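Notes to accompany the following structure.
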Amino acid sequence: MEVQVLHQDLLQTKADAWIVNLFAGITQPGGATGAVDKALGGQISRLIELGEFTGKLLETVVLYPSDLPTTKVIIVGLGEAEKLTLETVRQAAGAAYKVAAKGKAKTIATIVHGAGVGGLCPKACAQATVEGALLAGYQYEAKGVKNSEKPEQLLVVEHCAEKLELVKCGVGRGQITAEATNLARTLVNTPANHMTPTHMAQVAEKMAAESNLKCEILEREDMERLGMGCLLGVAQGSVQPPKLITLYYEGNPGGEILALVGKGLTFDSGGISIKSRDGMERMKNDMAGGAAVLAAMGAIGKLQPKINVLGVVPCTENLPSGSALKPGDVLEAMTGQTIEIISTDAEGRLILADAVAYAEHKGATRIVDVATLTGAIVVALGDVFAGLISSDDALAEAVLQASQQTGERFWRMPVHDDYRELYKSDVADMRNGGARGGGAITGGMIISEFIKKAAWAHLDIAAMASTEKTKGYSVKGGTGFATRTLIQVAENLAEK
Ligand code: BES
Ligand code: MN
Ligand code: ZN
C-alpha cells in the first residue's frame, strides 16, 4: 500500500473515495466535512436533520456525488467530541477504510481525524489515522487462496500549511508501526508447519538486513555450550531444531540496553502433558510474543530512537515423543538454577527462563518479556486487557504509559514474595507450576527468578494474540498485539 500526504483541499483531490468525519451531536458540520457538505448541496446536513446519521462512533454512511472528483464520500462517526482519544481516531479510520475497501476503491483520500475540533496533536492523529486504515486493511495472504482486491493508494489530505510537517511525520510513523503489526499478524497466521523455528530465524535475518539490525542465531550446539537446559528440554521432543534469535539495534552507543524478549513457541501441543484436542489448532499462535518482538525490532530499526534495544526470541515446538521432556524431570537453566517439571505444558516459562538470562548476560538492564503464557490470564482479564506483571514500578509505568498512546490495554497484577510458596520444589530450586491459584502471576514470577538485577516487566498476551472479531481496525486471526506498545516503550525510554 502506497501512502502519500497531499497539501491541498479534499475537494480538489481525485480519488475513488473520500473519507470525512462527524462528531455526535453536530448539526452543522464544519472543516473539511462542512466543505464537502456544501459541495453536495447540504446532503450531509440533511442526513443529520433526518436522524439518518448521528455521528455515533464507527457509524458510517456513503454518498454518491455526481460532479465531484470522487465516486463516493464516506462519512464516519467519531462519537462525542469530549470522549475523543487516539484510539477513537484509529477505530474510526479503520471502520471508514473498510467501507472504502469493500467498495473496490483503488485510491482512497482521507482527512486526518481528530486534529481539528477534536484538538488532539496533529502528528499523533495523523499516525492514528494511518494506523487505523492500514490495520483494518490487513488480509492474510494464504497460499492458494484468492484474496479480494485491495486498495492501492491512501492519500492523506491536509490543507493547513502549519500542520503539514507534523502530519507528514505522523503518517510516516503510522505506516511503520502498522506495517510492523501486520507483519506480526502474518507470522501468527502462518500455519505451524511453515512457521517453524528455522523459518522464524530466516524472517529475523531478512529483517536485520532491511532495518539496520545485527542478527545472531544460536543453534542447538550454542545452547548446549551456554547450558540452556530449559530451552533445550522443551525442544528435545521435536524434530524441528530450536533457534534462539537475537536482534540488536544500537541507537545509543555505550548506553544502557533495553531487552524485548518474546515467546516463540511455534506450536504448543502441551507435550507429554498433552492438551485436549478442542481448539489445539489455535496453538500455532503460541509464538505471538516472539512475532511482536521481531516486528517491533524491525520498526525500531527504521524509527532510529536514541536507545539500545536487544530483541531475544527463543523458538521451538512443544511436542510429545519418545525423546520428550516428562513430568518429574529436572532441568538446569543457563544460570545454574534448577526447575522441576510438573507440567510439560508450562513450557513458555522454561524457554523464557533461558532467554531472559541470556538477555541479562548480554548486558540488558531492563527486560520486557511478552508471551502467550497462561490460560489463567484469560480467565482473569478476558480479551479486554492483557496482563502486566512487574516488580519494577518505573518499568511498569513505562509500559502503561506507552499503552495509553497505542490503545493496547494492559492491567497490572500484583507481585508478592508469598506467591513464591506456590512454586517451591522438594527436588529443585523451583517447579514450573502446579498450583491452581494465581496462575498468571506465578507464571510470570517464575520467569523473573532467572533475572538477577535487571528491571523486569512481563506482558501476558494469551487472550489477545488472536481474535474472532472483525471490528474497527481489528481483523479476524492474529492481532499483532503488543507490537506497537513495544515500539512505543523503546521510544519513550530513549534519550530525547
Ligand atoms: N500457550 C499456553 C497458554 C495459552 C492458553 C495461550 C490459552 C493461549 C490461549 C501455555 O503454554 C500453557 O499451556 N499454559 C498452561 C500453564 C499451566 C500448565 C501451568 C495453562 O495456562 O494452562
Ligand atoms: Mn503450554
Ligand atoms: Zn505455550
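Using my numbering, the first residue of the sequence shown is number 25, and each one after it goes up by one.
Think of the CB as a built atom: it goes at the ideal place given N, C-alpha and C, for glycine as much as any other residue.
What you are looking at is a predicted structure, and each value in this text was computed from that prediction instead of being measured.
### Query
Quick one: is P438 buried, meaning 16 or more other Cβ sit within 10 Å of its Cβ, or exposed?
Locating residue 438 in the sequence shown gives position 414, counting from the first residue. Under this definition P438 is an exposed residue.
### Task
For my contact list, N332 and N276 are in at a C-beta cut-off of 8 Å; report their separation, rounded to the angstrom.
Stepping through the sequence shown from its first residue, residue 332 is reached at position 308. Stepping through the sequence shown from its first residue, residue 276 is reached at position 252. Indeed they touch by this definition, with Cβ atoms about 5 Å apart.
### Query
Taking C-alpha atoms, which residue in C149, E76 and Y273 lies nearest to T430?
Here residue 430 is taken as the residue at index 406 of the sequence shown, counted from 1. For the residues C149, E76 and Y273, the minimum Cα distance to T430 belongs to C149.
### Message
Given a cut-off of 8 Å on the beta-carbon distance, is the pair G156 and Q115 in contact?
### Response
For this step, residue 156 is matched to residue 132 along the sequence shown. For this step, residue 115 is matched to residue 91 along the sequence shown. Yes, these two residues count as a Cβ contact at 8 Å.
### Query
For E104, which residues of its own chain have a beta-carbon under 6 Å away from its beta-carbon, when the five flanking residues on both sides are left out?
For the purposes of this step, residue 104 is taken as the residue at position 80 of the sequence shown. Only A48 meet the Cβ criterion.
### Query
Can you tell me whether DSSP reads H218 as helix, strand or coil?
For this step, residue 218 is matched to residue 194 along the sequence shown. Of the three classes helix, strand and coil, the one that applies to H218 here is coil, per DSSP.
### Task
Compute the Euclidean distance between the alpha carbons of M252 and K520, then round it to the nearest angstrom.
In the sequence shown, the residue the question calls residue 252 occupies position 228. In the sequence shown, the residue the question calls residue 520 occupies position 496. Taking the straight line joining both Cα atoms gives about 37 Å.
### Query
Rounded to a whole number of angstroms, what is the C-alpha to C-alpha distance between H385 and T84?
Walking along the sequence shown from the start, residue 385 turns up at place 361. Walking along the sequence shown from the start, residue 84 turns up at place 60. Straight-line Cα distance between these residues: approximately 53 Å.
### Task
Please go through the same chain and pick out, in chain order, the residues whose beta-carbon is closer than 6 Å to the beta-carbon of D40, but skip the five residues on each side of it.
In the sequence shown, counting from the first residue as 1, residue 40 sits at position 16. Cβ within range, chain order: T95, A129, K130 and T131.
### Whole-Å CB distance - L334 paired with A388, under 8 Å assumed
Looking up residue 334 in the sequence shown gives position 310. Looking up residue 388 in the sequence shown gives position 364. L334 to A388, Cβ: 6 Å. Contact.
### Task
Enumerate, from N- to C-terminal direction, the unbroken alpha helix (DSSP H) stretches of 4 or more residues contained entirely within the region 323-408.
372-385 and 399-405
#### Entry: Between the CA atoms of I269 and N213 - distance to the nearest angstrom
As a first step, residue 213 is located in the sequence shown; it is residue number 189 there, counting from the start. As a first step, residue 269 is located in the sequence shown; it is residue number 245 there, counting from the start. About 20 Å.
### Query
K267 to M311, Cα distance in whole Å?
Counting from 1 along the sequence shown, the entry for residue 267 is found at position 243. Counting from 1 along the sequence shown, the entry for residue 311 is found at position 287. The alpha-carbon atoms of K267 and M311 are separated by roughly 13 Å.
### Message
By the three-class DSSP mapping on this structure, what secondary structure does I72 have?
### Response
The sequence position of residue 72 within the sequence shown is 48, counting from 1. Helix at I72.
### Task
Could you give the DSSP three-state label for A124: helix, strand or coil?
For this step, residue 124 is matched to residue 100 along the sequence shown. A124 falls in the helix class under three-state DSSP.
### Query
To which residues does DSSP link F47 through a beta bridge?
On the sequence shown, residue 47 is found 23 positions in, with the first residue counted as 1. BP columns for F47 point to G103.
### Message
Could you tell me which whole alpha helix (DSSP H) segments of length 4 or greater appear in the region 120-179?
### Response
146-160
### Task
Check the C-beta distance from P215 over to S293 and give it rounded, since I have them as a contact under 8 Å.
Position 191 of the sequence shown, counted from the first residue, corresponds to residue 215. Position 269 of the sequence shown, counted from the first residue, corresponds to residue 293. The Cβ separation is near 14 Å, so there is no contact.
### Query
Given A410, which residues of its chain have a CB within under 8 Å of its CB, disregarding the five upstream and five downstream residues?
Along the sequence shown, read from residue 1 onward, the residue named residue 410 stands at position 386. If we look at A410 and ignore the five residues flanking it on each side, its Cβ neighbours are I401, E432, R433, F434, W435, L483, D484, I485, A487, M488, F505 and A506.
### Query
Under the rule that 16 or more other beta-carbon atoms within 10 Å means buried, what is S297, buried or exposed?
As a first step, residue 297 must be located in the sequence shown, where it is residue number 273. That one is buried.
### Task
Figure out for me which residue from A316, E73, V44 and I72 has the closest Cα to the Cα of A59.
Taking the first residue of the sequence shown as 1, we reach residue 59 at position 35. Considering only alpha carbons, the answer is V44.
### Query
Grouping DSSP H, G and I as helix and E and B as strand, with all else coil, what is L35?
Looking up residue 35 in the sequence shown gives position 11. Note: L35 maps to helix in three-state DSSP.
### Query
Would you call P329 buried or exposed, if buried means 16 or more other Cβ atoms sit within 10 Å of its Cβ?
For the purposes of this step, residue 329 is taken as residue 305 along the sequence shown, with counting starting at 1. Under this definition P329 is a buried residue.
### Task
Closer than 7 Å by C-beta to I366: which residues in its own chain qualify, once you throw out the five before and the five after it? Chain order, please.
As a first step, residue 366 must be located in the sequence shown, where it is residue number 342. Answer for I366: P351, R455, N456, G457 and G458, listed in chain order.
### Query
Which same chain residues, not among the five before or five after I241, have their C-beta less than 8 Å away from its C-beta?
Stepping through the sequence shown from its first residue, residue 241 is reached at position 217. Result list for I241: A225, A228, E229, K267, L268, I269 and T270, in chain order.
### Task
Could you tell me which residues DSSP puts in a beta bridge with R436?
What you label residue 436 is simply residue 412 of the sequence shown in a count that begins at 1. In DSSP, R436 forms a bridge with L412.
### Task
State the Cα-Cα distance for the pair H223 and T340, rounded to the nearest angstrom.
Residue mapping note: residue 223 aligns to position 199 of the sequence shown, counting from 1. Residue mapping note: residue 340 aligns to position 316 of the sequence shown, counting from 1. Cα to Cα, H223 sits roughly 11 Å from T340.
### Message
Using C-beta distances below 7 Å, list every residue in its chain close to D453, excluding the 5 sequence neighbours before and after it, in chain order.
### Response
In the sequence shown, the residue the question calls residue 453 occupies position 429. Only Q361, T362 and I363 meet the Cβ criterion.
### Task
Write down the C-beta distance between V336 and A379 rounded to the nearest angstrom, noting that I regard them as a contact closer than 8 Å.
As a first step, residue 336 is located in the sequence shown; it is residue number 312 there, counting from the start. As a first step, residue 379 is located in the sequence shown; it is residue number 355 there, counting from the start. With 8 Å as the limit, V336 and A379 qualify as a contact, their Cβ atoms being about 5 Å apart.
### Task
Going by CA-CA distance only, name the one from Q425, D407, E473 and D442 that's closest to N516.
Locating residue 516 in the sequence shown gives position 492, where the first residue counts as 1. Closest option to N516, Cα to Cα, is Q425.
### Task
Along the beta strand (DSSP E) that carries V513, what are the first and last residues, could you check?
For this step, residue 513 is matched to residue 489 along the sequence shown. Note, V513: premise wrong, no beta strand (DSSP E); alpha helix (DSSP H) at T507 to L517.
### Query
From this set, Q32, Q177, L255 and P221, which residue's C-alpha is nearest N348's C-alpha?
Here residue 348 corresponds to residue number 324 of the sequence shown, with the count starting at 1. For clarity, residue 348 is Ala in the given sequence; the question names Asn instead. Measuring from the Cα of A348, the nearest candidate turns out to be L255.
### Task
Could you check the C-alpha separation between T37 and E182 for me, to the nearest Å?
Counting from 1 along the sequence shown, the entry for residue 37 is found at position 13. Counting from 1 along the sequence shown, the entry for residue 182 is found at position 158. So the alpha carbons of these two residues sit roughly 11 Å apart.
### Task
Under 8 Å by Cβ, that's how I've got E26 and Q177 pegged, so tell me the actual separation to the nearest angstrom.
Taking the first residue of the sequence shown as 1, we reach residue 26 at position 2. Taking the first residue of the sequence shown as 1, we reach residue 177 at position 153. The Cβ separation is near 5 Å, so the contact holds.
### Message
So, for L34: in the same chain, excluding its five sequence neighbours on each side, which residues have a beta-carbon less than 8 Å away from its beta-carbon?
### Response
The residue labelled residue 34 in the question sits at position 10 within the sequence shown. So the qualifying residues of the chain are W42, V44, A56, A59, V60, A133, I135, V181 and H183.
### Query
Is the CB-CB distance between L179 and L46 below 8 Å?
Position 155 of the sequence shown holds residue 179. Position 22 of the sequence shown holds residue 46. Result no, Cβ atoms of L179 and L46 do not sit closer than 8 Å.
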